[in-house]
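In my numbering, the protein residues as written are 1296 to 1521. In what follows, a single structure is set out as C-alpha cells and then discussed.
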Amino acid sequence: MKVRILRKQSPTAEPYWQEFLYEKKDNRTVAGMLDELNYKDNLKDINGNPAPGIQWECSCLQGMCGGCAMVINGKPALACETFLRDLKGDTVTIEPLKKFFTVADLVVDRSVISENLKKVNACIEEYKLSDKADHEQMYSAAKCLKCGLCLEVCPNYKDGRNFFGALFANDCYLIASRSGTQKEEIMESYDSHFAKGCSKSLSCEDVCPMKIPTLASIARMNRRKL
Ligand code: FES
C-alpha cells in the first residue's frame, strides 16, 4: 500500500507531502505501521530517496493517553486505535491535527488546551459531590483524554478565540457536579467559554475515542441540573 504523510522537518520549515510503500498487514494499526517504517535501517520514500524518520507522538498505545491523535484519511483519529484493515483503498493519508501548531511532522502543540483550562481555573478543588450528582455521567465525562480530536472537528473552535470546545464543557460539568465555592465561578466560565459559542453540531461526540456523551453534560449544565 501507499502511505502519504504530510511532513515538516521543524517548527519553521515548510510542509511537504512524502510517500512511502508499505506491505499492508491487516492486524497492524497506523501507529504500528509508523513504528515499522521508522525502524527500517534506511527509510526511503517511494522513489528510493533517503527520508528522515517520521516524527509522531505516542505513550500508551492502547487508546488511553490521546498522544497519537492525528488526521487519518481525512478523519481525526487515534493512530493506535486505527487498524489498517478498516481503512478503505490502497492509500492511507496521514496529516497532523490542523487546529494546532505543527511542531514537526505529526507532532502538534496542544498546550492551548491546558492553558485555556488554567485561564478559567477549571480544575477540581473540592471532592464533595452534590446530592444530585449523576455518577454515571460524571464517570463518562472524567474519561476525557484531552487528545484534541473534538476540537479538530468542531466548526466553532479556533485557537485564540473565546470558545474552548467540548472537552471544556465536560470538565465544567465534572467540577460543577461537586458542591462548593467553585460551582458558581465555573458556571460563569461555562456560559462565556462554551454555551454562547456551541452550535450543537455534535461532531465532537462522533469523533471522541472515549465515546463521552458530551450532549448529556451540556444538557445538565444548560438546565443547571447538577
Ligand atoms: S498512544 Fe495513547 S492513545 Fe494512542
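Heads up, the beta-carbon is just placed ideally off N, CA and C, and yes, glycines get one too.
Inspect the CB distances between the region 1377 to 1387 and the region 1329 to 1344 and report whether three or more fall short of 8 Å.
no
In the DSSP assignment, the beta strand (DSSP E) including I1389 goes from what residue to what residue?
Taking the first residue of the sequence shown as position 1, residue 1389 is located at position 94. Unbroken beta strand (DSSP E) run through I1389: T1386 to E1390.
Taking just the CA atoms, how far does W1312 sit from A1346?
The residue labelled residue 1346 in the question sits at position 51 within the sequence shown. The residue labelled residue 1312 in the question sits at position 17 within the sequence shown. Going by the C-alpha atoms only, they are around 12 Å apart.
By DSSP, does K1478 sit in helix, in strand, or in coil?
For the purposes of this step, residue 1478 is taken as the residue at position 183 of the sequence shown. In the structure shown, K1478 sits in a helix (DSSP, three-state: H, G or I).
Please determine if the region 1430 to 1443 and the region 1458 to 1472 are in contact, where contact requires at least 3 C-beta pairs separated by less than 8 Å.
yes
Would you say S1484 touches ligand 1, meaning its beta carbon is less than 6 Å from a heavy atom?
Walking along the sequence shown from the start, residue 1484 turns up at place 189. The answer is no for S1484.
Leaving out the 5 sequence neighbours to the left and right, which residues in its chain are closer than 7 Å to A1364 when beta-carbon positions are compared?
Here residue 1364 corresponds to residue number 69 of the sequence shown, with the count starting at 1. So the qualifying residues of the chain are P1371, L1373, L1392, C1442, G1443 and L1444.
To which residues of the same chain is C1360 closer than 7 Å at the C-beta, ignoring the five residues directly before and after it?
By 1-based counting over the sequence shown, the position of residue 1360 is 65. Once the five neighbours on either side are set aside, the close Cβ partners of C1360 are S1354 and L1440.
Is there at least one non-hydrogen atom of ligand 1 closer than 6 Å to the beta-carbon of G1443?
Reading the sequence shown from its first residue, position 148 is the one you call residue 1443. Checking the Cβ of G1443 against ligand 1 gives no.
Given F1378 as reference, the closest of V1407, V1415, K1335 and N1322 once Cα atoms are compared
To locate residue 1378, count along the sequence shown from 1; it is residue 83. Measuring from the Cα of F1378, the nearest candidate turns out to be N1322.
Determine which residues share a DSSP beta bridge with L1316 and list them.
In the sequence shown, residue 1316 corresponds to position 21, counting from 1. Paired residues: K1297.
Put R1473 into one of helix, strand or coil per three-state DSSP.
Working through the sequence shown from its first residue, we reach residue 1473 at position 178. Strand at R1473.
Terminal residues of the continuous alpha helix (DSSP H) containing I1513?
To locate residue 1513, count along the sequence shown from 1; it is residue 218. Note, I1513: alpha helix (DSSP H), T1509 to N1517.
Ligand 1 and S1528: does the residue's C-beta get closer than 6 Å to at least one heavy atom of that ligand?
Outside the shown range of the chain, which is 1296 to 1521, sits residue 1528, and nothing can be said about it.
In whole angstroms, what is the alpha-carbon distance linking H1430 and K1423?
Within the sequence shown, residue 1430 is the residue found at index 135, counting from 1. Within the sequence shown, residue 1423 is the residue found at index 128, counting from 1. The straight-line gap from Cα to Cα measures roughly 13 Å.
Nearest to F1395 by CA position, among T1307, K1453 and P1310, is which residue?
On the sequence shown, residue 1395 is found 100 positions in, with the first residue counted as 1. Of the listed residues, the one whose Cα sits closest to F1395 is K1453.
What did DSSP end up calling Y1434 once you bin it into helix, strand or coil?
The residue labelled residue 1434 in the question sits at position 139 within the sequence shown. Reduced to three states, the DSSP call for Y1434 is helix.
I need the straight-line Cα distance from A1511 to A1461, nearest angstrom please.
On the sequence shown, position 216 is the one that residue 1511 refers to. On the sequence shown, position 166 is the one that residue 1461 refers to. Each residue's Cα considered, the two are about 11 Å apart.
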